[in-house]
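Student: Below: one structure in structure tokens.
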Amino acid sequence: MEAEASRFEPATFQVNDKKLGMWIFLASEVMFFTGLIGAYIILRWGAASPWPVPGEVLNVPITAGNTFILICSSVTMVKAFAAIEEGNQKMLKVWLLATAFIGASFVGVQVYEYTELIHHGFLPSSGLYGSAFFTMTGFHGLHVTIGVLCILWVAMKAFRGSYSQADHQGVEIIGLYWHFVDLVWIILFTIVYLI
Amino acid sequence: MATMMAEPTGVPVRVEEHPQSFIRKYIFSTDHKIIGIQFLFTCLFFLLIGGLLAVMLRFQLGFPGATMPGGSLLPETMAPDGIILPEFYNSLVTMHGTFMVFFAVMPLLVGVYANYLIPVQIGTHDMAFPRLNMMSYWMFLVSGLIMLSSFWVIGGASASGWTQYAPLSASPEASGVSTGQILWIVSIAIFAFSSLLGSVNYITTIINQRAPGMTWLRLPLVIWTLFITAILGLLAIPVLTAALIMLLFDQTIGTTFFLPDTGGQPLLWQHLFWFFGHPEVYILILPGMGFVSEIIANGSRKPIFGYKSMVYAIIAIAGLGFIVWGHHMFQSGMNPALGMSFMITTLIIAVPSAIKVFNWMGTMWGGSIRFHTPFLFAVGFVMLFAIGGFSGIFMASSPVDIFIHDTYFIVAHIHYVLFGGSLFAIFGAIYYWFPKMFGRMINETAGKIHFFLTFVLFNLVFFPMHGLGMAGMMRRIYEPAQYEHLSGIQDTNTMVSWAAFGLFASGLYFMVLFFWSLFKGKPAPENPWEATTLEWTLPSPPMHGNWKELPTVYHGPYEYSHPDMEKDWLLQNERPDVVSPAHH
Amino acid sequence: MSAEGKKKPRYMAVFGGLAALTAIEVAVAFMGFERRATVLLLIGLAVYKALLVAMYFMHLKWETRSLKILAVAPLLPAAIMVIVVLMENF
Amino acid sequence: MDWSFPINISTQGVGIDNMFWLIFWITGAAFLIVEVGVLWFLWKYRARDGHKARYTHGHLGAEIIWTTIPAVTMVALGIMSGQMWADIRSPSSFPENALTIGVSAKQFEWNVTYPGADRVLGNEDDFTIRNRFEFPVDEPVIVRLESEDVIHSFFIPEMRVKQDAVPGMTIPIWFEATQTGEFQIACAELCGLGHYRMRARVVVHEADAFNRWYDEHTGAAQVAAAD
Ligand code: HEA
Ligand code: HEA
Ligand code: CUA
Ligand SMILES: [Cu+2]
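Quick mapping for you: the protein sequence lines, in order, are chains A, B, C and D. If you count by the numbering used here, then the first sequence holds residues 8 to 202, one letter each, in order. If you count by the numbering used here, then the second sequence holds residues 780 to 1363, one letter each, in order. If you count by the numbering used here, then the third sequence holds residues 677 to 766, one letter each, in order. If you count by the numbering used here, then the fourth sequence holds residues 1155 to 1381, one letter each, in order.
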């Protein structure tokens, strides 16, 4: 990575390897979620029998709260990034830990939601809606979980003092991933819970 | 000669000089060249497996119900007394397609050559993410071994075709395979992740790590094809992953995405699969086209004809590749109106393909052709890929496809494009870059024998399949002769099978030649083919880190027979005025 | 890529916007508007929220044009896939 | 050795076969250009002493020619094929009042349901025969394809008919035979263990013979009563 400052030609994107790599990875994530969400749209559109009303099956208020939680975690993440941009090591650590904690709470609420639903007899095997609901939100939850682990890893490195005002790509790219996962949730929440 | 050109570029050297342990150097290596070589050996092993499966299924087709020599070594559940069972035949077809597509040809093109060639052709020290690269290899190996192991689980390996059409693939009751089916899905999901890591790496590296002066329109065509291929993989493969997850859940936890009883749509699987599948077949041909462009320019001693239109054609093929997937579904019950649009887009793909074929011919025109082994394979590619492309036109016309869909006409097409195309390109690439990779030459005469054997036997195996398809012989049929309309084809099938055994034997001959050359071949010079791209400025094999000082690039990739020069090739980091200023 | 010359984004304002929009969404969903209007409105709101996240939190607003293109490019094949398959049911 | 189409006994098959041969001649011409061209160049431009390759990066005119000719050919082919496709498959191409027969596939047999005396499919007097599909010559027939388990494909080579039978869907196709005789349905989509032997008898009758056969199955008495 030291080398790239002096490369003169490849100016196409003007971003470093890691950040470019993350954006490219996110492009593939878009296609992955398109596969899942697209399948949901297609199945629902083509369904012969009436589709269950989400509000009657799912607990929308709790999830709306959970959506709010995830948005909060995006803010704390971006705050962490803003902190290290100003060289503020202390706030970097605080905001990172806050993000990991809030992210973990999101997963916690989701687990609670799942247990409740399963308790009420709504399962992955409960027809197309159950299939799609658990697959989509489950894989989103998996992404959040991985994100939390990565943020903890970044936080650990922050405690070791690995980041500085000049060099904090690690914070930036985990942030990109985290916001992307948030973004997917925004779409999922609308499509799965509200429409 | 490279030193003549050296200009201070101010790039810090990243070459690691300190000695590494054997394990770090050859097993858990992060050096792109070692990883490429690891891929090469693994893929050739899987190619051998795929070939072995083909030979077994050809045995059944050539000699239905006969005892297969050595077949008694197989377990009762596959071939009691050496006689292949119908359920085992289905597994053979499925796993043959799977191994060839996912574990032999695709990683041979991308895993081996993207890894090996990208850094040395664009002029950098290594991949952007060497550790991800290593992970990509190990995940690939694991996925391949999982796939292989599925032969030995209860119920045997997956038997629903490499296309895994649901609901057959989603319900163990229907296919009789459960564990093997799950292993298939898991294995391909891991494979998909491995190739995702690869794609991210290749794209980033090509965008960000090009040597000074290596502008987009100076990139060797191999790099262009690998770049576009990586993009195709990046966008197409995740859709397969998503579909695989749904299929896995249908199998295991009771979801019903593809099961019609509760409203699931079997055709949804086909749409998702082919949305991936058609870009996938272009993943399987584009890098081959890159190798061929490279080798044909080299053999003809001419700049590639129409470099820019070659680049546009690559991009056009890839772009169109995303909107033609429905041509696999003309007879699937898909809305006929969609069939119409898919037919038009499919036919249009012939246009950029035509550009490529005719530009290769244009490159040979007026050349001064040297018939080295890689060049022979490249010419073989052009001749055979064209035939495969032509049969594609028949199938693209949806009314004609009504009859030939799911017949051996398709099987002929598959093999003309994938073997006559991709695999010939791969053989060409192996011969061409072997000296660079291993520092030894492959004997030219021995290589040419391999070429002629393969070329002749290939056509004997696969050309008659067009005829079998026209006669109406269906794919994936264990015992065709029981149909009235197929009563007359056994002779052809037997002949094809003999030729297929010969083709496999020519593969074994290549294997011997390969290993013999690895240890006993003549030592290779730096630039044995007198080629022009950057890797030929490096020693054979190149050292760890490739360059002490990065090269500077002055012009396009194929400056052969420059009129101002005595020698007929000009490396990308040479300037004609510096090399031979006083020629006039 | 450090913050030279770029105005500091007002993250808290964006946050407020996102939270408010979420509340509006839930309200819209349960208002009992005409079905089609509800769906269109909800999709519009979701897209707007997604844009906010991408533009401000992911800093797309301050990136080069080519990176912006890279970020939206996959939406094209994604849209093609979903729309074409939806046409099955017409 | 049998390397060509089986006989064609359907009206649609004529167009399909002609289209095949049309593409055969077009691609055949392209085949000759490519293969002969390559071999000729290999001979003509083989390396010889004192001969240097021509230094050229391309020729725009030539490239335009070999882009437009295939483009025009392909669009023409697309329009012709599209027309034919619509004539075979589009909903508006289906003949009215045609005899409608239900075919339901399952591992590994074909169940053929005839509409009974009233010639309307989907009511009481329908009757089903396993692995036997009989219909009259010179009269359009509509087949409503269904499947009970996995995907199968309804293939009668001599009729140039092939259509997947998908569980959960009812897919109509139509065709008209021009010749009587006995043929076979073959299953053309991998459907499991018995895929290779999933076949059924097809009998194309003269109109009278078909009616006689049909009456036998519906019970001639019933028919007489209706008269
Ligand atoms: C490397 C892989 C590869 C490549 C490159 C292609 C290339 C093409 N394929 Fe193929 N295809 C497969 C691999 C590939 N295919 C596989 C594996 C399957 C089977 C999957 C399965 O079911 O298991 C398949 C199946 C398949 C089908 C489905 C058939 C069916 O199941 O009924 C169709 C239908 O349209 C098709 C069409 C085409 C076309 C039009 C091209 C075009 O891109 C070809 C274009 C090239 C040329 C036309 C030649 C060069 C052009 C000229 C020299 C110019 C002059 C030409 C003319 C005037 C015609 N392919
Ligand atoms: C790249 C792809 C590829 C390749 C190379 C091949 C190679 C061969 N294929 Fe196949 N084939 C497919 C892809 C491929 N195939 C696919 C996708 C299908 C569809 C599957 C499905 O329907 O689901 C198919 C289906 C298929 C069928 C149809 C089966 C059926 O429908 O019932 C048949 C039948 O003859 C067949 C035969 C053969 C034969 C005889 C070879 C021979 O060419 C094999 C010759 C042997 C070799 C090429 C290996 C030689 C070994 C080496 C070179 C090793 C060297 C090793 C070292 C140096 C270490 N193949
Ligand atoms: Cu039924 Cu194959
Ligand atoms: Cu295709």
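All residues carry an ideal CB built from backbone N, CA and C; glycine is no exception.
On the criterion of 16 or more Cβ atoms from any shown chain inside 10 Å, does L1236 of chain B qualify as buried, or is it exposed?
Tutor: By the 10 Å Cβ count, L1236 of chain B comes out buried.
Student: Please decide whether L27 of chain A counts as near chain C, where near means a Cβ-Cβ distance under 9 angstroms.
Tutor: Chain C, which has a Cβ nearer than 9 angstroms to the Cβ of L27 of chain A, makes this yes.
Student: For ligand 3, any of its heavy atoms closer than 8 angstroms to the Cβ of Q1261 of chain D?
Tutor: At least one heavy atom of ligand 3 is nearer than 8 angstroms to the Cβ of Q1261 of chain D, so yes.
Student: Please list, in chain order, the chain B residues whose beta carbon lies closer than 7 angstroms to that of E710 of chain C.
Tutor: Correct list: empty, because the minimum Cβ distance to chain B is about 26 angstroms.
Student: Does L1065 of chain B pass the burial test, meaning 16 or more other C-beta atoms within 10 Å, or should it be called exposed?
Tutor: So L1065 of chain B counts as buried.
Student: Compile a chain-ordered list of the residues in the region 1284-1299 of chain B whose CB is closer than 7 angstroms to at least one CB of chain D.
Tutor: Result list empty, no residue passes.
Student: Taking DSSP's pairing of strands, which residues face F1185 of chain D in a bridge?
Tutor: Note: F1185 of chain D sits in no beta bridge, so no partner.
Student: Any idea what DSSP makes of F1150 of chain B, helix, strand or coil?
Tutor: Looking at F1150 of chain B - three-state DSSP - the assignment turns out to be coil, as it is neither helix nor strand.
Student: Would you say S978 of chain B lies against chain A (beta-carbon separation less than 9 angstroms)?
Tutor: Output row for S978 of chain B: interface = yes.
Student: Determine the direct distance from the alpha carbon of V1060 of chain B to that of W1212 of chain B, and round the result to whole angstroms.
Tutor: So the alpha carbons of these two residues sit roughly 24 angstroms apart.
Student: Within 10 Å of its beta-carbon, does I180 of chain A have 16 or more other beta-carbons around it, so buried, or fewer, so exposed?
Tutor: Buried is the call here.
Student: Where does N1162 of chain D sit, in a helix, a strand or coil, going by DSSP?
Tutor: DSSP places N1162 of chain D in coil when its eight states are reduced to three.
Student: Could you tell me whether the Cβ of A1250 of chain B comes closer than 9 angstroms to any Cβ of chain C?
Tutor: No - not a single Cβ of chain C is within 9 angstroms of the one on A1250 of chain B.
Student: Going by the CB atoms, is the gap between L751 of chain C and V22 of chain A shorter than 9 angstroms?
Tutor: No; because the gap between Cβ atoms is not below 9 angstroms, this pair is not in contact.
Student: Are there three or more Cβ pairs, one per stretch, closer than 8 angstroms when the region 991-998 of chain B is compared with the region 889-898 of chain B?
Tutor: Not touching, per the Cβ criterion.
Student: For Q1338 of chain D, which beta-bridge partners are listed by DSSP?
Tutor: Q1338 of chain D pairs with D:R1355.
Student: For S915 of chain B, count the other beta carbons within 10 Å of its own beta carbon; 16 or more makes it buried, fewer makes it exposed. Which is it?
Tutor: Buried: at least 16 other Cβ atoms inside 10 Å.
Student: Is V1158 of chain B helix, strand or coil when you go by DSSP?
Tutor: V1158 of chain B falls in the helix class under three-state DSSP.
Student: When you compare the region 1306-1319 of chain D with the region 1223-1234 of chain B, are there three or more beta-carbon pairs, one atom per stretch, that lie closer than 8 angstroms?
Tutor: Output reads no: the region 1223-1234 of chain B does not touch the region 1306-1319 of chain D.
Student: Using 8 angstroms for Cβ pairs, my map puts P1302 of chain B next to R1219 of chain B. What's the rounded Cβ distance?
Tutor: P1302 of chain B to R1219 of chain B, Cβ: 6 angstroms. Contact.
Student: Cα separation between L27 of chain A and M885 of chain B?
Tutor: In a straight line, the C-alpha of L27 of chain A is about 25 angstroms away from that of M885 of chain B.
Student: N1077 of chain B to F867 of chain B, Cα distance in whole Å?
Tutor: If I take the Cα positions, the gap works out to 46 angstroms.
Student: So L1046 of chain B contacts chain C; which residues on that side make the cut at Cβ distance below 9 angstroms?
Tutor: Within chain C, the residues near L1046 of chain B are V761 and E764.
Student: So, for G1141 of chain B: in the same chain, excluding its five sequence neighbours on each side, which residues have a beta-carbon less than 7 angstroms away from its beta-carbon?
Tutor: Excluding positions up to five away in sequence, the list reads F1084 and G1085.
Student: Using 8 angstroms for Cβ pairs, my map puts S1301 of chain D next to Q1317 of chain D. What's the rounded Cβ distance?
Tutor: Wrong, their Cβ atoms sit about 11 angstroms apart, outside the cutoff.
Student: Let me check understanding here. Comparing Cα to Cα, which of B:I1075, B:A1015 and B:Q960 lies closest to A1097 of chain B?
Tutor: Taking only the C-alpha atoms, the option nearest A1097 of chain B is B:A1015.
Student: Evaluate E1330 of chain D with the Cβ neighbour count: other Cβ atoms within 10 Å of its Cβ, from every protein chain shown; 16 or more gives buried, anything less gives exposed.
Tutor: Classification for E1330 of chain D: buried.
Student: Mark L1287 of chain B as exposed unless 16 or more other C-beta atoms lie within 10 angstroms of its C-beta, in which case mark it buried.
Tutor: Label assigned to L1287 of chain B: exposed.
Student: Hey, does N1352 of chain B have any beta-carbon neighbour from chain D nearer than 9 angstroms?
Tutor: Judged by the 9 angstroms Cβ criterion, N1352 of chain B is not in contact with chain D.
Student: For a contact defined as C-beta to C-beta under 8 angstroms, what are the partners of M1113 of chain B on chain C?
Tutor: Residues of chain C passing the Cβ test: E764.
Student: Pick helix, strand or coil for A1290 of chain D, following the three-state DSSP scheme.
Tutor: Correcting the residue type first, residue 1290 of chain D is Pro in the shown sequence and not Ala. P1290 of chain D: strand per DSSP, three-state reduction.
Student: Can you tell me whether V1103 of chain B sits near ligand 4, meaning its C-beta is under 8 angstroms from at least one heavy atom of the ligand?
Tutor: Yes; taking the cut-off as 8 angstroms, the Cβ of V1103 of chain B has a heavy atom of ligand 4 nearer than that.
Student: Should C822 of chain B be counted as a contact of ligand 3 given a C-beta to heavy atom distance under 8 angstroms?
Tutor: Flag unset: Cβ of C822 of chain B not near ligand 3.
Student: Comparing C-alpha positions only, which one of D:A1259, D:F1281 and D:V1274 sits nearest to I1305 of chain D?
Tutor: Cα-wise, what sits closest to I1305 of chain D is D:A1259.
Student: Could you tell me whether the Cβ of T142 of chain A comes closer than 9 angstroms to any Cβ of chain B?
Tutor: True, the Cβ-Cβ gap to chain B drops below 9 angstroms.
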